[in-house]
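Student:
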Amino acid sequence: GLNAQAKALLQQYRPIYMSKLSGHLYALREVCNPTREQQEQLLESSQAALEKAVREYAKQMAAGKINRGIVVINGMAQMQGQSEPWDAVRNELDKSIAEHLTEDQLALYKQDARDRREFRRQAAATNLVSAIDKQLSLTEEQRDAVHASLLKSWQESWEVAVRGLLQSPQYLPQLPDKVIVPHLNANQKSVWKAAQR
Amino acid sequence: VQPFEPQDPRP
């Protein structure tokens, strides 16, 4: 039983997540060359999880329970990130992959996931260094040192920080001082501290 | 992205 607003939200969100899921399944087909039957199993279970999660999300949103990144479930506030439909789809897909792929296919899949993560990390670190460089005019040595320092203490959430670069050319991401400051000179330190406030 | 459709694997 969804009300009209929840139905409209479902219509709006379903194709977005379906398209994301399709992208993952195409990639998986390239990497693991699954049989038709395996593809059917993965599609079926992940699509069912998607439908369930998006319905729930639309329902909560229509009920006004999703606000400023916080969802209220049974009176308990939870971070929106944990209940976003995609997390549920991802979990089901991972489960289904572990269940239906052969060991060899699974090894290929895991290696590909590692490669992608590493590529994303490198690219995000490069973009963060570039943003810091625009504000602080780093030397080449400093750029290399900050890049290495970022990768050494990398946090997944910093990938999201890169999005800020699209919003504003003056953007400086919030990053821990201990990762950046040891590599700056006195002038750069004061600009950095001012920007982090 | 076109919806994913299962197909026969490459030979």
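From first to last, the protein sequence lines stand for chains Y and R.
The first sequence begins at -7 in the working numbering and counts up one residue at a time.
The second sequence begins at 49 in the working numbering and counts up one residue at a time.
Don't be surprised by glycine CBs; every beta carbon is placed ideally from N, CA and C.
Only a predicted model underlies this, so the values are computations on that prediction, with no experimental measurement involved.
Please classify Y:Tyr163: does DSSP put it in a helix, a strand, or coil?
Tutor: Counting from 1 along the first sequence, the entry for residue 163 of chain Y is found at position 171. Coil at Y:Tyr163, not helix or strand.
Student: For Y:Leu164 versus Y:Ala187, is the C-beta distance shorter than 8 Å?
Tutor: Taking the first residue of the first sequence as 1, we reach residue 164 of chain Y at position 172. Taking the first residue of the first sequence as 1, we reach residue 187 of chain Y at position 195. Yes. Within cutoff.
Student: Tell me the residue span of the alpha helix (DSSP H) that contains Y:Phe111.
Tutor: Locating residue 111 of chain Y in the first sequence gives position 119, counting from the first residue. First-last of the alpha helix (DSSP H) with Y:Phe111: 95 to 128.
Student: Have a look at Y:Arg28, Y:Arg82, Y:Lys(-1) and flag the residue whose alpha-carbon is nearest the alpha-carbon of Y:Tyr49.
Tutor: The count along the first sequence starts at 1 and reaches residue 49 of chain Y at position 57. Y:Tyr49 has its Cα closest to that of Y:Lys(-1), out of Y:Arg28, Y:Arg82, Y:Lys(-1).
Student: Using DSSP with H/G/I as helix, E/B as strand and the rest coil, what is Y:Gln74?
Tutor: Counting from one through the first sequence, the residue named residue 74 of chain Y turns up at place 82. In this prediction, Y:Gln74 has a pLDDT of 45, which is less than 50 and means its spatial position is unreliable; what the coordinates show is noted afterwards. It is helical.
Student: If the cut-off is 7 Å on Cβ atoms, which residues from the region 22 to 38 of chain Y count as contacting chain R, listed in chain order?
Tutor: Asn25, Pro26, Thr27, Arg28, Gln31, Glu32, Leu35
Student: Any beta carbon from chain R within less than 8 Å of Y:Tyr18's own beta carbon?
Tutor: What you label residue 18 of chain Y is simply residue 26 of the first sequence in a count that begins at 1. Chain R contact via Cβ: present.
Student: Quick one: does Y:Met10 have its CB under 8 Å from some CB of chain R?
Tutor: Sequence index remark: in the first sequence, residue 10 of chain Y carries index 18 (1-based). Chain R contact via Cβ: present.
Student: For Y:Gly156 and chain R, any beta-carbon pair shorter than 8 Å?
Tutor: Taking the first residue of the first sequence as 1, we reach residue 156 of chain Y at position 164. No, its Cβ sits nowhere closer than 8 Å to a Cβ of chain R.
Student: Tell me, please, whether the CB atom of Y:Ser14 is closer than 8 Å to any CB atom in chain R?
Tutor: Within the first sequence, numbered from 1, the residue matching residue 14 of chain Y stands at position 22. Closer than 8 Å to some Cβ of chain R, the Cβ of Y:Ser14 qualifies, so yes.
Student: Can you tell which of Y:Ala123, Y:Gly(-7), Y:His175 has its C-alpha closest to the C-alpha of Y:Gln166?
Tutor: Your numbering for residue 166 of chain Y matches position 174 in the first sequence. Of the candidates Y:Ala123, Y:Gly(-7), Y:His175, the one whose C-alpha sits nearest the C-alpha of Y:Gln166 is Y:Ala123.
Student: Is Y:Arg108 close to chain R, meaning its C-beta is less than 8 Å from at least one C-beta of that chain?
Tutor: Translated into the one-based positions of the first sequence, residue 108 of chain Y becomes position 116. Closer than 8 Å: no.
Student: When the Cα of Y:Leu98 is compared with those of Y:Lys126, Y:Asp79, Y:Val171, Y:Arg21, which residue comes out closest?
Tutor: One-based indexing of the first sequence puts residue 98 of chain Y at position 106. Minimum Cα distance to Y:Leu98 is reached at Y:Arg21.
Student: Rounded to whole angstroms, what is the Cα-Cα separation between Y:Leu93 and Y:Asp136?
Tutor: Within the first sequence, the letter at position 101 stands for residue 93 of chain Y. Within the first sequence, the letter at position 144 stands for residue 136 of chain Y. Those two C-alpha atoms are separated by around 40 Å.
Student: In the structure shown, what three-state DSSP assignment does Y:Asn179 receive?
Tutor: The count along the first sequence starts at 1 and reaches residue 179 of chain Y at position 187. Three-state DSSP puts Y:Asn179 in a helix.
Student: With H, G and I counted as helix, E and B as strand and the rest as coil, what does DSSP make of Y:Glu151?
Tutor: Against the first sequence, residue 151 of chain Y aligns to sequence position 159. Helix at Y:Glu151.
Student: Look at Y:Ser121 and Y:His139 and say whether their C-beta atoms are less than 8 Å apart.
Tutor: For this step, residue 121 of chain Y is matched to residue 129 along the first sequence. For this step, residue 139 of chain Y is matched to residue 147 along the first sequence. Rather than Ser, the amino acid found at residue 121 of chain Y in this sequence is Val. Going by C-beta atoms, Y:Val121 is nearer than 8 Å to Y:His139.
Student: In whole angstroms, what separates the C-alpha of Y:Gln30 from that of Y:Glu43?
Tutor: Indexing the first sequence from 1 puts residue 30 of chain Y at position 38. Indexing the first sequence from 1 puts residue 43 of chain Y at position 51. Their Cα atoms are separated by approximately 20 Å.
Student: With a CB to CB cut of under 8 Å and the five nearest residues on each side skipped, what residues in its chain are close to Y:Val23?
Tutor: Translated into the one-based positions of the first sequence, residue 23 of chain Y becomes position 31. Taken in chain order, the residues that qualify are Leu100, Tyr101, Asp104.
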